[in-house]
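Some notes on the structure that comes next.
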Amino acid sequence: MAQAATATAGRAPERGLDVYNQKVGMWVFLCSEVMFFAGLIGSYVVLRFGASDSWAQPGEVLNVPITAVNTFVLICSSVTMVKAFAAAEAGDQKGIKLYLVLTFLLGATFLGVQVFEYTHLIQHGEWQGSHGFTPRAGLYGSTFFTMTGFHGFHVLLGVICLGWASLQAFRGRWGSDHYHGIEVLGLYWHFVDLVWIILFTIVYLI
Amino acid sequence: MATIVAEATGQAILHEEHEQSFLRKYVFATDHKVIAIQFLFTTLFFLMIGGLLAVLMRYQIAWPAKTLPGGGILPETMVASGYILPEFYNSLVTMHGSIMVFFAIMPMLVGVFANYLIPLQIGARDMAFPRLNMLSFWLMVPAGILTLASFFVIGGAAAAGWTLYAPLSARPDLSGVHLGQQIWLVSLVLIGLSSILGSVNYITTTINMRAPGMTWFRLPLTVWALFITAILGLLAMPVLSAAGIMLLFDQTIGTTFFLPAGGGQPLLWQHLFWFFGHPEVYILILPAMGFTSEIIASGSRKPIFGYKAMVWAIVAIAFLGFIVWGHHMFQSGMNPTLGLSFTISTLLIAVPSAIKTFNWMGTMWRGNLRLHTPMLFAIGFVAMFAIGGLSGIFMASTPVDIYIHDTYFIVAHIHYVLFGGSLFALFGAIYYWYPKMFGRMMNETLGKIHFVLTLVFFNLVFFPMHGLGMKGMMRRIYDPTGYQHLQGIQDTNQLISISAFCLYASGFLFAFNFFWSLRKGRKAEANPWDATTLEWQTPSPPKHGNWKEIPVVYHGPHEFSHPDVADKDWLAQNERPDVTSPAGAH
Amino acid sequence: MDWSLPPNLSTQGVHIDALFWIILVLTGIAFLLVESGIAWFVFKYRNREGGKAHYTHGSTRMEIIWTTIPALVLATLGIYSGSVWESIKSAHSFPEDALRLRVTAKQFEWNVTYPGADGALDTSDDFTLRNQLHLPAHEPVIVELRSEDVIHSFFIPVLRVKQDAVPGMTIPIWFEATGTGDFEIACAELCGLGHYRMRASVTIHEAADFESWQASQTTGS
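Chains as they are written, first to last, in the numbering used here: chain A, 17 to 222; chain B, 13 to 598; chain C, 16 to 236.
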């Protein structure tokens, strides 16, 4: 029926992008995520420049080396995500399972290290004479926990989806004719990784 | 490729319709039309609540020394010994604005009409993501329940204005409001998410699911308006969510984003809020402009005057809407030079609005006007929005704003654009699309009476507020009589309040018409307005899946009174050229 | 209620009021054109037996005209507004030799700190009064505006002065009164429960009377 309608249209102009709905939807959604993090990060910049003399030096409170390794873990998970997508496109069932699970594990590792870091900071961190570095620790604490916390929340959502996708892989759901879910999840995952790279730079390194 | 997938999705939707339980079909519905109607009932309810809050406010302002009749039914924390308490008054002010913006006007414009009209007007069977659509509606329900519940917690509902300026909003010890403010912020995050997910749906659907022949410049102006509005919402609401979360953290977990004692900056809240807030008000007006264009073209039996200019004006308003937010902050203490740049962008944004007003008039010029109820409200929109837009020019001039900022002059402006503008257009849209939604006509006589009463009382309520502002009456004042410079305005306040009660009452005429017509209205045919857009070329109401066959589009959206069409004064978008007018007709 | 602005007793107010009336005239003309146009069209083009609408998609010429004219008018308005704003707010428009006062807003009162005989704030002869603002006429005054708790707004209608008081900031404004009398400060930013009664008295004296008043305050305490 629908095909007949197209045929009658003859030279009716193309409408729509040559991109399937879920992918368009994810790109659109990611634009809103950009604005969300822009709100948080923009506020951070404004607050920090307004209070630059009472800001911690890099490494003074936070553990840069461990977080650097953790950043590397997250970047690796983006690589495995790309490989999972490539495997799906190619119909490589073993590759799909392997790389989805790897991405899941790397993402979970990142989260685990972050949780460990948070616990350590809250219990033993030192900033401006306080015992324990918490969101109550002035603007530095406020911005640190809010930005990294929301990033972590987004990673958690991604990890949950990756867990689900891995399960589905073992049920044989994915294949060269059914990989949109992986591609779209991949877009989200790369975004989350990108945000972390920005956060790591401005919060830990500068 | 996209189109093939879209069509496949459409086929799937068509075939899964039957044998759905009542729960799946009407409660956890995924059909865009049902979701739209769910939004309609919910938002009409909140419109009534928001109006009630205003009625209470107006009673207090006009008769500050009098007790509230029937006030005894409210708790002692709101009305003590018959008197509305100042803390309750501040909550009334706050929640009237908040409920009207977030639970009435915005979701009515978008949740109802973007949902209902986009798929139908572009020739699609449903939204790109029907289940996400369902989630959008069901996020609003807990948000609404929380909001209403916040009135009854200790400390009462949020009371720092709908604008939630910090530090007042962040310090329960200074505002007296603890849980109520926090509940409102949680509610805001929920409704923000609802809106963002909705935007994802509307944008994806409009981009990817247009019927064959439905090019961008053949889209009805309603779709253009809703599409651009969705983009505004997508980019602005997340900033409010971020800010709201930061404020919630200041209140609860000891952060100090907006608290000077902890190094924070109150002005940061204002920048974040208004960066969202200004695009928000364009979200509140653009769909209304879209409906108006649609109804005026249809009612005038003429194409829209300057269709392309209208499209570019919508785009310009949206784009400029992101760079004017500072005009809410001229007197805030921000750098005065910033004030200068925001004046320029603010004056600029008046231009596309003026263009649209002239184009609506141009559409009516030499038309053959059918003055039915929707048309009356659409024309009323143009007339009232013009006043609202013109009053905005006073504020755009920063020195004049020194005097009128935070006075009733602003309140007048807000309500001319939001009520005289958005709500008039919404009434028009409801009367216009009701037959399509419910298969019945609303009563035309009652509709005309509703229009006249609304027009008269609306102006009696809000026009004098310009004068009150000129006299220097401040906003959000529980009792104006203590001020020497406000002696002599109480007569006006009382006139306004009485008119406000009448305005509120006339809304019930509309409500009666709405509900009565559901059962007793005259049965509506597919195209009771002789209109050209695709939704009118399918039954009233449309079946699940909207069309037997996806229509093919040959013409622009408002082809009325085309000279080559002899037997009628309209040309449907999907009418085949070889049957009626020559191919290639615009 | 009559439709007039309160009497203007300030130098800045002259320009603010002038701008207000100019905008009123301009918007008034636009208002009359649009509303009467709409009314005329509704009357003239209403549906009649055998009536036919004129088929057209618009006119590029008209679009250009009704874009350019509003743009030019608004641009001119912008330039004029900008220059008045500059004369009120820019750093170099602040008068050199002005009486400096400090006004500290708090829930729900205005505390005014006067410099005393030495004319300088933050010296030992300063004194602070609650809810009483005394000003000299015909002399420039600079107010340093502060807040102790939440955002308030310092609004004196007859002086056409309004400035938000923000905690954590000291915001300077200046003005010059052109007449004497008794007036009031009204808070113009929702600041809590008592916002509606956050009122202070303003007494504008002749310059010499102000001096003697200020002197009496310091000797009296």
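Just so it is clear, CB atoms sit at the ideal spot from N, CA and C, and this is done for glycine as well.
This one's a predicted model, so the numbers in the text were calculated from it and none came from an experiment.
Check the Cβ of Phe-141(B) against every Cβ in chain D and list those closer than 9 Å, keeping chain order.
-> In summary, chain D is missing from the structure at hand, where the protein chains are A, B and C.
Determine, using beta carbons only, whether Gly-41(A) and Val-212(B) come nearer to each other than 8 Å.
-> In this structure, Gly-41(A) sits near Val-212(B), with a CB-CB distance shorter than 8 Å.
Going along the chain, which residues of its own chain have a beta-carbon closer than 7 Å to the beta-carbon of Thr-125(A), five neighbours each way excluded?
-> Hits under 7 Å: Val-89.
What is the residue span of the beta strand (DSSP E) that Trp-125(C) lies within?
-> Its beta strand (DSSP E) spans residues 124–129.
Test item: CB-CB of Asp-262(B) and Ala-182(B) under 8 Å | The answer is yes: Cβ separation under 8 Å.
Reduced DSSP category for Gln-32(B) - H, G, I as helix; E, B as strand; rest coil = Here Gln-32(B) sits in coil by DSSP.
Residue span of the alpha helix (DSSP H) that contains Asp-209(A), given as start and end | Note, Asp-209(A): alpha helix (DSSP H), 196–215.
If we call anything under 8 Å between Cβ atoms a contact, is Pro-386(B) one with Tyr-443(B)?
-> Tyr-443(B) sits close to Pro-386(B), with the two beta carbons spaced by under 8 Å.
Check each candidate in His-167(A), Thr-119(A), Leu-127(A) and name the one with the smallest Cα separation from Trp-180(A).
-> Ranking the options by Cα distance to Trp-180(A), first place goes to Thr-119(A).
For the 8 Å Cβ check, are there 3 or more pairs between the segment 419–438 of chain B and the segment 479–498 of chain B?
-> Contact between the segment 419–438 of chain B and the segment 479–498 of chain B is present, with at least three C-beta pairs closer than 8 Å.
Examine chain A for any beta-carbon lying closer than 8 Å to the beta-carbon of Asn-558(B), and answer yes or no.
-> No, Asn-558(B) does not count as interfacial toward chain A.
Name, in chain order, the residues that DSSP records as bridge partners for Tyr-95(B).
-> Beta-bridge partners of Tyr-95(B) (DSSP): Ala-92(B).
Please name the residue in Arg-145(C), Val-57(C), Thr-128(C) whose C-alpha comes closest to that of Thr-138(C).
-> Per the C-alpha coordinates, the member of Arg-145(C), Val-57(C), Thr-128(C) positioned closest to Thr-138(C) is Thr-128(C).
Can you grab the Cα-Cα spacing for the pair Val-176(C) / Thr-55(B), in whole Å?
-> Answer to the nearest angstrom: the Cα atoms are 41 Å apart.
Rounded C-alpha distance that separates Arg-36(B) from Ile-117(B) | Each residue's Cα considered, the two are about 27 Å apart.
Interface residues of chain B facing Arg-161(C) [CB-CB closer than 9 Å] | Near Arg-161(C) there are no residues of chain B at all, since even the closest Cβ is about 11 Å away, more than 9 Å.
Using a Cβ cut-off of 8 Å, which residues of the segment 62–82 of chain A contact any Cβ in chain B, in chain order?
-> The segment 62–82 of chain A vs chain B, Cβ under 8 Å: Val-62, Leu-63, Gly-66, Ala-67, Ser-70.
Establish whether the CB of Glu-306(B) and some CB of chain C are separated by less than 8 Å.
-> Chain C, which has no Cβ nearer than 8 Å to the Cβ of Glu-306(B), makes this no.
Name, please, each residue of chain C whose Cβ falls closer than 7 Å to the Cβ of Ile-391(B).
-> Correct list: Ile-53, Val-57.
At a Cβ threshold of 8 Å, is Thr-419(B) touching chain A?
-> Thr-419(B) is outside the set of residues whose beta carbon lies under 8 Å from a beta carbon in chain A.
When Arg-531(B), Pro-553(B), Phe-393(B), Met-485(B) are compared against Met-16(C), the one with the closest alpha-carbon = For Met-16(C), the nearest C-alpha among the options comes from Met-485(B).
Show which residues of chain C have a CB atom less than 9 Å away from the CB atom of Gly-225(B).
-> Under the 9 Å cutoff, chain C gives no residues; its nearest Cβ is about 18 Å from Gly-225(B).
Whether Gly-83(B) touches Gly-94(B) by CB criterion (8 Å) | Judged by their CB atoms, Gly-83(B) and Gly-94(B) are nearer to each other than the 8 Å cut-off.
Which ranges does the beta strand (DSSP E) cover as unbroken runs of at least 3 residues, wholly within the segment 229–263 of chain B, from first to last along the chain?
-> DSSP runs (the beta strand (DSSP E)) wholly in the segment 229–263 of chain B: none.
Spatially closest choice to Gly-401(B) from Leu-41(C), Ser-25(C), Trp-18(C), by CA coordinates = With respect to the C-alpha of Gly-401(B), the residue from Leu-41(C), Ser-25(C), Trp-18(C) having the closest C-alpha is Leu-41(C).
Exposed or buried, Gly-66(C), counting other C-beta atoms within 10 Å across all chains shown (16 or more means buried)?
-> Gly-66(C) comes out exposed.
Residues within the segment 263–281 of chain B neighbouring chain A, beta-carbon criterion of under 7 Å = Residues passing the 7 Å Cβ filter: Ile-265, Gly-266, Thr-267, Thr-268, Phe-269, Gly-274, Gly-275, Gly-276, Gln-277, Leu-280.
Spell out whether any CB of chain B is found under 8 Å from the CB atom of Ser-48(A).
-> Output row for Ser-48(A): interface = yes.
Contacting residues, own chain, Cβ-Cβ under 8 Å from Thr-504(B) (five flanking each side not counted) | Correct list, in chain order: Pro-476, Gly-479, Leu-480.
Exposure of Gly-311(B), with buried meaning 16 or more beta-carbon neighbours within 10 Å = Buried, since its Cβ has 16 or more Cβ neighbours within 10 Å.
Looking at C-alpha atoms only, which residue of Ala-309(B), Leu-332(B), Leu-298(B) is the closest neighbour of Phe-287(B)?
-> Out of Ala-309(B), Leu-332(B), Leu-298(B), the CA that lies nearest to the CA of Phe-287(B) is found in Leu-332(B).
Ala-599(B) burial status per 10 Å Cβ neighbour count (16 or more: buried) | Given that chain B is displayed from residue 13 to residue 598, the structure contains no residue 599(B) and the question cannot be resolved.
May I have the straight-line CA-CA distance separating Tyr-456(B) from Thr-375(B), to the nearest angstrom?
-> Before going on, a small fix: residue 456(B) reads as Glu here, not Tyr. Distance between the alpha carbons of Glu-456(B) and Thr-375(B) is about 24 Å.
Residue environment, Gln-122(C), which counts as buried when at least 16 other CB atoms sit within 10 Å | With 16 or more other Cβ atoms within 10 Å, it is buried.
Residues of chain A with CB under 8 Å from Ser-253(B), in chain order?
-> Result: Phe-52, Gly-55.
By Cβ distance below 7 Å, which residues in the same chain neighbour Val-29(C) in space, the five residues on each side in sequence not counted?
-> Asn-23, listed in sequence order.
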